[in-house]
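Engineer:
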Amino acid sequence: MEHLEIELKFYVSDLDSLRARLSNLGAVRTGQSTLEHNIRYETEDDRLLKNKCLLRLRKDRQTTLTFKSPPPEKDDRFKVYRELEVSLSDFETMDAILNALGFFRRQVYEKRRETWQLNDALLCLDAMPFGSFLEIEGHPDTITQGIRDLGLAWEHRILVNYLGMFEILKKKEGWAFFDVTFDNFADVRFSFERYRHLFEAGNNG
Numbered sequence: 001m002e003h004l005e006i007e008l009k010f011y012v013s014d015l016d017s018l019r020a021r022l023s024n025l026g027a028v029r030t031g032q033s034t035l036e037h038n039i040r041y042e043t044e045d046d047r048l049l050k051n052k053c054l055l056r057l058r059k060d061r062q063t064t065l066t067f068k069s070p071p072p073e074k075d076d077r078f079k080v081y082r083e084l085e086v087s088l089s090d091f092e093t094m095d096a097i098l099n100a101l102g103f104f105r106r107q108v109y110e111k112r113r114e115t116w117q118l119n120d121a122l123l124c125l126d127a128m129p130f131g132s133f134l135e136i137e138g139h140p141d142t143i144t145q146g147i148r149d150l151g152l153a154w155e156h157r158i159l160v161n162y163l164g165m166f167e168i169l170k171k172k173e174g175w176a177f178f179d180v181t182f183d184n185f186a187d188v189r190f191s192f193e194r195y196r197h198l199f200e201a202g203n204n205g
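Counting with my numbering, you get residues 1 to 205 for the letters of the sequence shown.
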């Protein structure tokens, strides 16, 4: 099924405090914390990256294949993508099919995610190997209302995806690894707070 994915991210220093705020607002927790294992696929000539597209196979409690591409119209206020997504029954077979079609594993990334519902907004509390974040997805009006309800600052919103953040952090910190996994970060001493200003969108939009 295809739809426009409209979302924003915010860096969160304390997920427990955020959970308390969500509960006080009457938000409903819709999913337990789940470890996601994601594979990003690419062509030999990096065609997907050059066209700002993403082909991803995800395994958590289920298996999902997702293709993201730029939207018909750009909106600088939000991160917007056209999204095609399908649920699958067999992770390994889909991986083999993609390889047979000429796509190869470019990058692996992981996160721990729990989901909440606040009115019509989907809220994801994401623990990435390099920091914790809130992702708010929904209609633009729903997102902005959620931001107000949570007392978040509009200028602190993040429009960069997690892999884009990692690429910038990798260059800044000189990390030699390419996969964004908890094992790779096990011995890394790092604070996202030092770099958050690089990702926050400010008052643009």
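Glycine is no exception: its CB is placed at the ideal position from the N, C-alpha and C atoms. Keep in mind that this is a model prediction, so the values were computed, not measured.
Shortest alpha-carbon distance to T66 belongs to which of I136, D76 and L84?
Structural biologist: Measuring from the Cα of T66, the nearest candidate turns out to be L84.
Engineer: With 16 as the cutoff for other CB atoms within 10 Å, does F10 come out buried or exposed?
Structural biologist: By the neighbour-count rule (16 or more Cβ atoms within 10 Å), F10 is buried.
Engineer: Do Y214 and V180 have their C-beta atoms closer together than 8 Å?
Structural biologist: Lying before the first or after the last residue shown, residue 214 is absent from the chain, which here runs from 1 to 205.
Engineer: Going by Cα to Cα distance, which pick from L150, A201 and F103 is closest to E42?
Structural biologist: Checking every option, the nearest Cα to that of E42 belongs to F103.
Engineer: By how many angstroms is the C-alpha of N99 removed from the C-alpha of F133?
Structural biologist: For F133 and N99, the distance between alpha carbons rounds to 32 Å.
Engineer: Determine the contact status of I136 and L8, defining contact as a CB-CB distance below 8 Å.
Structural biologist: Yes.
Engineer: Residues in its own chain within less than 6 Å of G131 by CB, not counting five upstream and five downstream?
Structural biologist: Taken in chain order, the residues that qualify are F192.
Engineer: Straight-line CA distance for H197 to N38?
Structural biologist: About 27 Å.
Engineer: How far does the beta strand (DSSP E) with T63 in it extend, from its first residue to its last?
Structural biologist: Element bounds for T63: T63 to S69.
Engineer: To the nearest whole angstrom, what separates the beta carbons of L123 and L22, a pair I think is in contact under 8 Å?
Structural biologist: Contact holds; Cβ gap of about 7 Å.
Engineer: Are L15 and L169 closer than 8 Å when you measure CB to CB?
Structural biologist: Contact: no.
Engineer: Do you know whose CA, among S89, H3, L4 and V12, lies nearest G151's CA?
Structural biologist: Of the listed residues, the one whose Cα sits closest to G151 is V12.
Engineer: Can you tell me whether A101 is buried or exposed? The criterion is at least 16 other CB atoms within 10 Å of its CB, across all chains shown.
Structural biologist: Strictly speaking, residue 101 in this sequence is Leu, with Ala absent from that position. L101 is exposed by the Cβ-count criterion.
Engineer: Three-state secondary structure (DSSP) at D141?
Structural biologist: DSSP places D141 in helix when its eight states are reduced to three.
Engineer: Does DSSP classify K50 as helix, strand or coil?
Structural biologist: Reduced to three states, the DSSP call for K50 is helix.
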